[in-house]
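Here's the structure, in structure tokens; my notes come after.
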Amino acid sequence: MISHDVQDLLDSLAMAVGRGMAVDDPEGRVVAHSVHHGEVDQVRARAILSRSVPTEVGAWQEAHGVATTRAPVRVPDNPALGMAARLCVPLVHRGRRVGSLWIIEGSGPLTPQEEARTLRDAAAIAALLDDGEGSPTLRRLLGGEITVRRAAGVLGEGPMHVLAVRADQGGPGEAVGDELARMRRPPAFTVLDRHAVVLLNNGEDARELGELLAARTHGHAGVSALHPGLESVREAHGEAVASARAAAAEPRLGPVACWPDLGVYRLLADPMASPLGVLRKHPALVVTLETYLDHGGDAQETARLLHLHRTSLYYRLARVEELTGRSMKDGSHRLELHLALKLARWNAIRSG
102 MISHDVQDLL DSLAMAVGRG MAVDDPEGRV VAHSVHHGEV DQVRARAILS
152 RSVPTEVGAW QEAHGVATTR APVRVPDNPA LGMAARLCVP LVHRGRRVGS
202 LWIIEGSGPL TPQEEARTLR DAAAIAALLD DGEGSPTLRR LLGGEITVRR
252 AAGVLGEGPM HVLAVRADQG GPGEAVGDEL ARMRRPPAFT VLDRHAVVLL
302 NNGEDARELG ELLAARTHGH AGVSALHPGL ESVREAHGEA VASARAAAAE
352 PRLGPVACWP DLGVYRLLAD PMASPLGVLR KHPALVVTLE TYLDHGGDAQ
402 ETARLLHLHR TSLYYRLARV EELTGRSMKD GSHRLELHLA LKLARWNAIR
452 SG
């Protein structure tokens, strides 16, 4: 809910300059509007009723630089859209854009004195709006409060990674928000629990950004697998958070860990993410693998127990490596496979 202080400031400013005003969040949602003063156009009426800016109006505004500006910019009228001329004042706090203040100027721009008052009050509104928690749409989507279809209009669509940043001390939201604000087109982020969660669907280099944010927060970061779209954003969020936890637990993973590369930590985070699925049609390979691992990788003893020639044993192990993408020469891979085998046995027995 919008702060009463924001609404009071907005109403006071609107009365002082005699214009209708509205405040949008960074995603274009109308979060506050003044009572009517001066000229009222169709666009203002529609935005107040729907709490959102029509797509064609947003495109007209962006064509005049409102998406990236850090200084007030005037948007000319557009009779075809039913839109009077406007002044857009970006709401910036601590270098981070937290919204926009829109003032209907119509045929008469603000006087220098009115503009000075507007800039002063805009700074105060920005400070009140900045909760350090980024995108409300992403936060609500991850919390299951809004549909993917509704969120896609704000967050975009297409293949995406989720990046989670976990600070060793304190909350990471402020540091992450400040760093993202330096980007020309900052990705959406929010704060959930002790993680800053960043949605990357514009071709950003997830690992590079993760390393930057991990250094900025003195913490660790995790990157999800690549997902086709927002439909799986909650799954991607879980992967990213688990990856950040693994990065904090295992120094060899570095400050940034990626879900596909977690090895045994991936299995610990999600027992269903077993590498053994590809072996379901090859029971002989499963028996061979488990016997080999149970006996500490002793090829001679494994061959004896399974009545195999050593050449046949090595062939089977090579097939396991080929199918699972794991190497018998890598201790972490052997651990992952061995744990997966024992989890399969454990899960095959009912607890009750």
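Each step along the sequence shown adds one to the number in our numbering, with nothing skipped, and position 175 is 276.
Note that the Cβ used here is the ideal one computed from N, Cα and C, for glycine as well.
Bear in mind the structure is a predicted one, so any value in this text is a computation, not a measurement.
Exercise. Report, in whole angstroms, the separation of the C-beta atoms of L293 and L243, which I expect to be a contact under 8 Å.
Key: 6 Å
Quiz item: Under the rule that 16 or more other beta-carbon atoms within 10 Å means buried, what is E163, buried or exposed?
Solution: exposed
Quiz item: If we count the other Cβ atoms within 10 Å of its Cβ and call it buried at 16 or more, is G340 buried or exposed?
Solution: The question names Gly, but residue 340 in the sequence shown is Glu. Looking at its Cβ environment, which holds 16 or more other Cβ atoms inside 10 Å, E340 is buried.
Quiz item: Since I226 is in the alpha helix (DSSP H), which residue starts that stretch and which ends it?
Solution: P213 to L230
Exercise. Evaluate S413 with the Cβ neighbour count: other Cβ atoms within 10 Å of its Cβ, from every protein chain shown; 16 or more gives buried, anything less gives exposed.
Key: exposed
Exercise. Go to T412, then tell me how far its beta strand (DSSP E) extends in each direction, as first and last residue.
Key: Here T412 belongs to no beta strand (DSSP E); instead the alpha helix (DSSP H) covers R411 to T425.
Exercise. Report yes if the CB atom of V167 is closer than 8 Å to the CB atom of S201, and no otherwise.
Key: yes
Quiz prompt | Chain-order list of residues whose beta-carbon lies under 8 Å from that of P273 (same chain, five-residue window excluded) | solution = V266, R267, V292, R295, H296, A297, L314, T318 and G320
Quiz prompt | Local conformation of N302 per DSSP, three classes | solution = coil
Quiz item: Going along the chain, which unbroken runs of the beta strand (DSSP E) with 3 or more residues stay wholly within the region 162-209?
Solution: 174-176, 187-194 and 197-205
Self-check item: Proximal residues to L407 (C-beta, below 8 Å), its chain only, five neighbours per side dropped
Solution: V388, T389, T392 and L414
Exercise. Please state whether DSSP places V248 in a helix, a strand or coil.
Key: The question names Val, yet the displayed sequence has Thr at residue 248. Three-state DSSP puts T248 in coil, outside helix and strand.
Exercise. Would you kindly check if the distance between the Cβ of V199 and the Cβ of P287 is under 8 Å?
Key: no
Self-check item: Residues that G362 bridges to, as DSSP identifies them
Solution: The question names Gly, yet the displayed sequence has Asp at residue 362. The partner list for D362 (beta bridge, DSSP) is empty, contrary to what the question assumes.
Self-check item: Endpoints, beta strand (DSSP E) assigned at G323
Solution: G320 to V324
Self-check item: Selection from I226, R353, A358 and R446 that minimises the alpha carbon distance to G311
Solution: A358
Quiz prompt | Distance between A400 and R346 (C-alpha atoms, nearest Å) | solution = 35 Å
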